[in-house]
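What follows is a single structure, written as C-alpha cells, with notes after it.
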C-alpha cells in the first residue's frame, strides 16, 4: 500500500491559520502576529503523552497497511465536523478491507508496566465514539498498543464493558478478546536459531591488532536457519527482519578467528526461553514486528520521540509474506489466532 500525500507546505499553514483564527476570532492577516509557531511547537514537544499518543496513532496506519488485508485506510478524525448531535466523537480511522468489510477504529497507546495494570476508557467517551459509529452504521473497534510489551490488541468494545458501561481492560483479558486477525495479524514461528555471518575478505588485511582491534573489508554476508544456510534472497530478508524485530534476543555476537586472522563475525538470535517443547518457536506477532521497525525509525535510543511518521511508506515496513509459501530453509509457521468469542464452526487456521 502507498500513502497518498497532500501538499503540506501549501495547505498546512493556511489550515493552521484558519483553525487558530477561528478559535481566537481574528482575521487571517492577524494570526502571524497573534501566535508564535515556534512556541506552540515547543509546548507540544514537551508533552510526552501527546507525542507518544500521536506517534502511535500514526503507527497504526503503517501496521494495518503492512498486514495485507486492507483496501484503504483513512483518517476519520481529521478536520472539523458539523453534527446535529454534538455528543459524537469521530474515531481515528476508517478501514475498508479487501473482503468489503468496513470498520471505524479508535487507537490508544497504553503504557503500563505490569500485567495487573489496566487500560481504561470512560463511559462518556466511549458513548461518543459509539454514537458516531452508529450514525454511519459501521462497527467500532478499539486498537490498543501495549507499548511496554510491543503488542497490539483489537477489541470490540461491547465485549469488554464493565457493568457501568466503561472499559477497564488488563492485557490478558484484551488478548482473550483480540480481533486483530480481522486486519491480517498473525503469530509467526520458525525453528531457532537464526544466524548471520559477516565474512572478512581474505585478500585484504584482517589480522587482530595488539590493541585487540580489527579492521577488515566485508566479502559476503550469509544467513542460517537452524544451522542450514539460507539461499534465496527472499528468505534472507525474512531472516534479517526477524533478527532485528522479533521477540527473540541476541544470544551471540562474536568474531571467529583462525589464528590471528578474522574469518567472520557471527550474530545469533534465539528465544529467551531455553526450554523447547517443540522444534518451532514463536517469533511474535506480525503487528509487533512492524511496530518494532516503526519504533526504530521514530524513537531515539533514550526513548525520545524524534518523528511522528517516518519518511518511508508502509510498504517498506512490510515483510511481504507470500500466501501459500512458508519457506524452503527458513521454515515459517503462520497462525491466525481468533478470540474466544469467535462464532462456533469456524476453524483456527495455521
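Residue numbers (the numbering used here): 56 to 405.
Where a beta carbon is used, it is the ideal one built from N, C-alpha and C, also for glycine.
task = May I ask you to list the residues that DSSP assigns as paired with residue 337?
result = Under DSSP, residue 337 forms a beta bridge with 244.
Those runs of the beta strand (DSSP E) which lie wholly inside the segment 107 to 161 and span at least 3 residues: The segment 107 to 161 contains these whole beta strand (DSSP E) runs: 125 to 130, 148 to 152.
**Report entry** From 370, 343, 383, residue whose alpha carbon lies closest to that of residue 57
**Finding:** Comparing Cα-Cα distances from residue 57 to each of 370, 343, 383, the minimum goes to 370.
- Item | Segment limits, alpha helix (DSSP H) that includes residue 25 | Outside the displayed range of the chain (56 to 405) lies residue 25, so it cannot be described from this structure.
Nearest candidate by alpha-carbon position, reference residue 193, set 350, 105, 161: With distances taken between Cα atoms, residue 193 lies closest to 161.
- Does the segment 176 to 187 come close enough to the segment 143 to 157 that 3 or more CB-CB pairs lie under 8 Å? Yes: the two stretches touch, three or more of their Cβ pairs being nearer than 8 Å.
Q) Which residues does DSSP pair with residue 388 in a beta bridge? A) Beta-bridge pairing by DSSP links residue 388 to 244.
Verify whether the separation of the beta carbon atoms of residue 223 and residue 175 is less than 7 Å. By the CB criterion at 7 Å, residue 223 and residue 175 fall inside the cutoff.
Original post:
Three or more beta-carbon pairs under 8 Å between the segment 197 to 205 and the segment 337 to 354, yes or no?
Top reply: Yes: at least three Cβ pairs fall under 8 Å.
- prompt: Is the segment 261 to 279 touching the segment 356 to 365, taking contact as three or more C-beta pairs under 8 Å?
  reply: At 8 Å Cβ cutoff, the stretches do not touch.
| message | Whether or not the segment 273 to 287 and the segment 244 to 251 are in contact is what I'm after, with contact meaning three or more pairs of Cβ atoms, one per stretch, closer than 8 Å; do they touch? | response | Yes, they touch.
_By the three-class DSSP mapping on this structure, what secondary structure does residue 80 have?_
Residue state, collapsed to three classes: coil.
I need the straight-line Cα distance from residue 341 to residue 302, nearest angstrom please.
Answer to the nearest angstrom: the Cα atoms are 11 Å apart.
Comparing C-alpha positions only, which one of 263, 209, 213, 253 sits nearest to residue 241? In terms of Cα proximity to residue 241, the closest of 263, 209, 213, 253 is 209.
Quick check on the burial criterion: 16 or more other C-beta atoms within 10 angstroms. Buried or exposed for residue 212? Classification for residue 212: buried.
### For residue 307, the first and last residue of its enclosing beta strand (DSSP E)
Note, residue 307: beta strand (DSSP E), 304 to 313.
Start-to-end residues for the alpha helix (DSSP H) that takes in residue 229: 226 to 231 is the span of the alpha helix (DSSP H), which, as asked, contains residue 229.
Taking Cβ to Cβ, would you say residue 189 is nearer than 7 Å to residue 394? Cβ atoms of residue 189 and residue 394: not closer than 7 Å.
message = I need the DSSP call for residue 209, collapsed to helix, strand or coil.
response = Reduced to three states, the DSSP call for residue 209 is strand.
ask   = alpha helix (DSSP H) containing residue 15: first to last residue?
value = Outside the shown range of the chain (56 to 405) lies residue 15, about which nothing can therefore be said.
Reducing DSSP to helix, strand and coil, say where residue 90 ends up.
In the structure shown, the three-state DSSP call for residue 90 is coil.
**Message:** On the criterion of 16 or more Cβ atoms from any shown chain inside 10 Å, does residue 367 qualify as buried, or is it exposed?
**Reply:** So residue 367 counts as exposed.
*Roughly how many whole angstroms lie between the Cα atoms of residue 109 and residue 321?*
So the two alpha carbons sit approximately 38 Å from each other.
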